[in-house]
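K.L.:
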Amino acid sequence: EELVFGKERVTTGAQNDIKRATDIARGMVTKWGLSEKLGPLTYGEEEEEVFLGRSVTQHKNVSDETAHTIDEEIRSFIENNYERAEKILTERLDTLHLMAEALMKYETIDSDQIDDIMAGKKPKPPKDWADDSEPKSGKGIDASSTDEAAEEDESKGSIGDPAGQH
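Here it is as structure tokens:
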């Protein structure tokens with residue numbers, strides 16, 4: 007969003023992305039031993055804090071110095087990978103726009119379309135794509151089949167009072 011619309015027009019959807027990235031970085035540092043500074047050890051048990059330092063100081067599972075190092079490592083993972091993603095997206099901005107256009111048009115895209123987009127080509131319609139006279143999501147339903155199903159349901163009897171009466 008920031009690359010396309012600018013910093014002032016970033017939506018709240020980015021907040022969830024930041025939280026998820028932070029959770030992954032925290033796991034890398036505290037659960038999976040993927041920090042070069044801290045090595046292959048597990049730290050802390052708290053799951054809900056944004057950075058481990060605050061929760062560890064309350065539970066004292068690690069020293070204040072280690073908690074500070076954990077926070078630094080999490081921040082480092084986030085900042086380095088944000089810069090990496092920004093560089094890749096900036097270099098491939100045309101690909102980003104092709105992907106966005108395909109998603110706006112088709113709602114979902116398949117692997118063949120992704121291959122086209124990554125090759126710099128406009129994607130072909132999905133294999134099951136109908137022309138514009140068909141609904142964009144799902145397949146059209148034959149009205150006679152729904153009428154028959156409704157009649158069959160009615161013949162089985164009522165399932166109870168209307169929802170508002172329960």
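In terms of our numbering, the sequence shown opens at residue 7 and continues consecutively.
By construction, the Cβ of each residue, glycine as well, lies at the ideal position given by its N, Cα and C atoms.
#1: From the DSSP output, in three-state form, read off SER117 for me.
#2: From what residue to what residue does the alpha helix (DSSP H) around ASP100 run?
#3: Starting from GLY12, trace the alpha helix (DSSP H) both ways and give me its first and last residue.
#4: Between GLU71, TRP135, GLU79, which has its C-alpha nearest LYS111's C-alpha?
#5: Kindly indicate which three-state DSSP category GLY45 falls into: helix, strand or coil?
#6: Roughly how many angstroms lie between the CA atoms of HIS69 and SER82, to the nearest whole one?
#7: What does the Cβ neighbour count give for SER117, buried or exposed, with the cut at 16 atoms within 10 Å?
#8: What first and last residue would you give for the alpha helix (DSSP H) that runs through LYS25?
P.N.:
Let's see:
#1: Counted from its first residue, the sequence shown places residue 117 at position 111. Helix.
#2: By 1-based counting over the sequence shown, the position of residue 100 is 94. Unbroken alpha helix (DSSP H) run through ASP100: 99-112.
#3: Stepping through the sequence shown from its first residue, residue 12 is reached at position 6. That residue, GLY12, is in no alpha helix (DSSP H); it is neither H nor E in DSSP.
#4: For the purposes of this step, residue 111 is taken as residue 105 along the sequence shown, with counting starting at 1. If we check each option's Cα against that of LYS111, TRP135 comes out closest.
#5: Position 39 of the sequence shown, counting from 1, holds the residue named residue 45. Looking at GLY45 - three-state DSSP - the assignment turns out to be strand.
#6: As a first step, residue 69 is located in the sequence shown; it is residue number 63 there, counting from the start. As a first step, residue 82 is located in the sequence shown; it is residue number 76 there, counting from the start. In the sequence as displayed, the identity of residue 69 is Ser instead of His. Distance between the alpha carbons of SER69 and SER82 is about 20 Å.
#7: Here residue 117 refers to the residue found at position 111 when the sequence shown is read from its first residue. So SER117 counts as exposed.
#8: Here residue 25 refers to the residue found at position 19 when the sequence shown is read from its first residue. Its alpha helix (DSSP H) spans residues 19-36.
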